[in-house]
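Novice: Residues in the sequence shown are numbered consecutively from 126, following the numbering used here. Quick reminder that beta carbons are idealized off the backbone N, C-alpha and C, glycines included. Note that the coordinates shown come from a computational prediction; the quantities given were computed from them, not determined experimentally. I'd like to ask some things about the structure below.
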Amino acid sequence: MNLDNFDVVNMRSELHQIPELGFHEEKTSDYVAKKLEEMGLKVTRGIGKTGVVAYIEGEEPGPVVMLRADMDALPFVEDGKEVCIHACGHDCHTAMVLATAARMIGKVKKGKLKLFFQPAEETLRGALESIEDGVLNDVEMAVGAHIRPVQDIPAGTVCAAVRHTSSTFMYVDLKGLAAHASRPHLGRSTVEASVLATAAVNAIWMNPGQAWSAKVTSISCSASAPNIIPDRGQMILDIRASTNPLMKELLAKVEAAIKSATSIVGVEATVSLPGGVIPAAEYDEALVDEMRTVIKETLGEDKLANDCGGGGEDFHYFVQTKADIHPVYIGVGAGATPGLHHPQMTLDAEQLRVGVKVLEAFLRKKLG
Ligand SMILES: [Zn+2]
Ligand SMILES: [Zn+2]
């Protein structure tokens with residue numbers, strides 16, 4: 126097998142030309158399947174709709190280690206036209222996992238390396254759909270990777286853990302009572318309820334030593350005419366916390382604040398989390414330490430970056446769904462600028478070689 130056919134930089138630029146939205150990664154999964162078949166691997170498709178799985182198996186018994194890449198791109202509007210762009214670097218992750226797989230052919234002695242190309246990370250549905258299709262059933266260890274922007278870690282360095290936070294959107298449905306504006310005492314106003322609820326949420330305090338936020342991002346409760354007390358309304362909140370227990374506590378406080386504040390004016394509030402709660406990162410810290418050692422051994426002491434954080438990742442549904450999975454997730458400093466999710470995001474693709482080196486070295490320790 127000629128490793129030149131699996132050059133990470135070339136594969137990334139080819140994948141960059143075929144960006145696709147979550148659950149529509151048809152060309153991307155075709156590309157992935159073709160590359161895996163060129164490596165002589167048997168390919169299973171349709172995991173979580175458009176995901177791809179393949180195994181590199183060893184002769185001796187050992188762990189099943191899943192190396193996971195996400196494949197989807199992001200939607201933007203440019204000059205009034207809808208476009209799709211790889212602005213989060215998932216083309217990089219797919220290329221890194223393919224390049225790592227090519228280097229692992231013939232190197233897996235014990236256990237199995239499971240290669241998983243996941244759809245629809247950006248919709249935060251891809252991991253869940255894939256889990257429903259059984260992608261975790263045989264998995265003991267899950268390894269993930271994401272490129273990092275210049276704000277997080279320097280280009281060419283790697284961090285052993287990306288500390289993603291927990292996040293969710295809360296929807297609040299408000300039910301009041303309509304009345305003529307000249308007789309407000311006969312009504313119950315959802316406008317007044319949402320103002321009181323916003324003030325109550327803003328008065329919540331959590332431990333200032335930990336990162337958290339709860340902010341109202343939308344209020345809509347206008348009446349059908351200017352002289353009617355509005356009886357219907359909806360609020361939306363963006364809520365974030367650095368750990369899963371903190372998120373649980375914050376959600377309880379936000380719900381209590383909203384319900385008690387709206388009850389002052391007799392308005393009924395029903396809260397829901399239609400998109401679920403994205404879990405914060407929970408890693409196997411022993412594996413994170415092992416990863417730190419691998420980074421130092423492979424790249425040199427000065428190339429180990431501090432852990433970085435922020436943002437969300439649906440990778441963390443894995444351990445929340447299957448508690449005995451051992452997760453680890455590296456950040457690869459790729460000099461991405463001006464930042465992830467920016468339509469003009471660019472990066473130094475040469476730095477992906479550094480990510481491939483680290484992943485290969487780690488996997489050879491576990492499976493070699
Ligand atoms: Zn993203
Ligand atoms: Zn991403």
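Once the 5 residues before and after R365 are set aside, which same chain residues still bring their CB inside 6 Å of it?
Specialist: Start at 1 with the first residue of the sequence shown, and residue 365 comes out as number 240. Around R365: T290, S292 and S338.
Novice: In the structure shown, what three-state DSSP assignment does D145 receive?
Specialist: Here residue 145 refers to the residue found at position 20 of the sequence shown. A small correction: the amino acid at residue 145 is Glu; Asp does not occupy that position in the sequence shown. In this structure, E145 counts as coil in the three-state DSSP scheme.
Novice: To test your reading of the DSSP string, which unbroken alpha helix (DSSP H) runs of 4 or more residues are found completely within the region 245-289?
Specialist: The region 245-289 contains these whole alpha helix (DSSP H) runs: 251-257.
Novice: Exposed or buried, which one is P309 when buried takes at least 16 other CB atoms within 10 Å?
Specialist: One-based indexing of the sequence shown puts residue 309 at position 184. Its Cβ having fewer than 16 others within 10 Å, P309 is exposed.
Novice: Going by C-alpha distance, which of R273, G231 and T169 is nearest F241?
Specialist: Indexing the sequence shown from 1 puts residue 241 at position 116. Answer by Cα proximity: T169.
Novice: Comparing alpha-carbon positions, which option in N369, V208 and L398 lies nearest E380?
Specialist: The residue you call residue 380 lines up with position 255 of the sequence shown. Closest option to E380, Cα to Cα, is L398.
Novice: Kindly indicate the opening and closing residues of the alpha helix (DSSP H) around D298.
Specialist: Position 173 of the sequence shown, counted from the start, is the residue given in the question as residue 298. Segment S291 to K300 is the beta strand (DSSP E) holding D298; no alpha helix (DSSP H) there.
Novice: Could you tell me if G287 is buried or exposed, where buried requires 16 or more neighbouring beta carbons within 10 angstroms of its beta carbon?
Specialist: Position 162 of the sequence shown, counting from 1, holds the residue named residue 287. Note that residue 287 is Val in the sequence shown, not Gly. Looking at its Cβ environment, which holds 16 or more other Cβ atoms inside 10 Å, V287 is buried.
Novice: Just checking, does the region 375-392 make contact with the region 408-418 on the three C-beta pairs under 8 Å criterion?
Specialist: Output reads no: the region 408-418 does not touch the region 375-392.
Novice: Answer yes or no: do L412 and V453 have a C-beta to C-beta separation smaller than 8 Å?
Specialist: Along the sequence shown, read from residue 1 onward, the residue named residue 412 stands at position 287. Along the sequence shown, read from residue 1 onward, the residue named residue 453 stands at position 328. Yes, these two residues count as a Cβ contact at 8 Å.
Novice: What is the DSSP secondary structure of E162, counted as helix, strand or coil?
Specialist: Translated into the one-based positions of the sequence shown, residue 162 becomes position 37. DSSP places E162 in helix when its eight states are reduced to three.
Novice: Please tell me whether, using a cut-off of 7 Å, the distance from the CB of H211 to the nearest non-hydrogen atom of ligand 1 is below it.
Specialist: As a first step, residue 211 must be located in the sequence shown, where it is residue number 86. No, ligand 1 has no heavy atom inside 7 Å of this Cβ.
Novice: Below 8 Å, how does it come out for the region 428-439 and the region 268-277: are there three or more Cβ pairs, yes or no?
Specialist: Contact between the region 428-439 and the region 268-277 is present, because at least three Cβ pairs lie under 8 Å.
Novice: Using beta-carbon positions only, say whether L429 and V479 come within less than 8 Å of one another.
Specialist: If you number the sequence shown from 1, residue 429 lands on position 304. If you number the sequence shown from 1, residue 479 lands on position 354. No. Outside cutoff.
Novice: Please confirm if the region 152-172 is in contact with the region 457-470, defined as three or more CB-CB distances below 8 Å between the two stretches.
Specialist: The answer is no - the region 457-470 does not touch the region 152-172, with fewer than three Cβ pairs under 8 Å.
Novice: With a threshold of 7 Å (Cβ to nearest heavy atom), would E247 be considered close to ligand 4?
Specialist: Of the ligands this structure carries, namely ligand 1 and ligand 2, none is ligand 4.
Novice: Buried or exposed: where does D216 fall if 16 or more other Cβ atoms within 10 Å of its Cβ makes it buried?
Specialist: Residue 216 sits at position 91 when you count from the first residue of the sequence shown. That one is buried.
Novice: From A212 to T462, what distance separates their C-alpha atoms?
Specialist: The sequence position of residue 212 within the sequence shown is 87, counting from 1. The sequence position of residue 462 within the sequence shown is 337, counting from 1. Going by the C-alpha atoms only, they are around 10 Å apart.
Novice: Evaluate Q335 with the Cβ neighbour count: other Cβ atoms within 10 Å of its Cβ, from every protein chain shown; 16 or more gives buried, anything less gives exposed.
Specialist: Stepping through the sequence shown from its first residue, residue 335 is reached at position 210. Result: exposed.
Novice: Leaving out five residues on either side along the sequence, give the residues of the same chain with a beta carbon under 7 Å from the beta carbon of E163.
Specialist: Taking the first residue of the sequence shown as 1, we reach residue 163 at position 38. Correct list, in chain order: N130.
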